[in-house]
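Residue numbers (this note's numbering): 1 to 113.
Positions of the beta carbon are idealized from the N, C-alpha and C atoms, including for glycine.
It should be emphasised that the depicted structure is a prediction, and the values quoted were computed from it without experimental measurement.
Okay, structure first, notes after.
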């Protein structure tokens, strides 16, 4: 299986197991990547989600200090959002992720594509 599929499936599995956020550093360590490199892989699975009308699952990967996604997340998925709105957007995405009960299906479809 390709590394991006492994990272994406691992992220969705993490959500299914814990229903909680995880820090960039902890997730990077779990998948054997640098913190910087893990973002590239997170984009792949999140674009898959967004293209299907789902929230970007990478919203659950957060900065330990801020408790939220990094600025790159917002610039990628919400390029027209103002920084003052980032917290509201973050909590809306987390709420949408929590409400969805199709993450097993999303994972399986992502791995197949």
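Is the CB-CB distance between residue i and residue j below 8 Å?
i: residue 61; j: residue 27; result: yes
i: residue 8; j: residue 44; result: yes
i: residue 71; j: residue 24; result: no
Ends of the alpha helix (DSSP H) at residue i?
i: residue 107; result: 103-112
i: residue 13; result: 3-18
i: residue 28; result: 24-31
i: residue 93; result: 86-99
i: residue 71; result: 71-77
Can you tell me which of the three DSSP states residue i falls into?
i: residue 46; result: helix
i: residue 82; result: coil
i: residue 36; result: helix
Can you name the residues that DSSP bridges to residue i?
i: residue 62; result: 23
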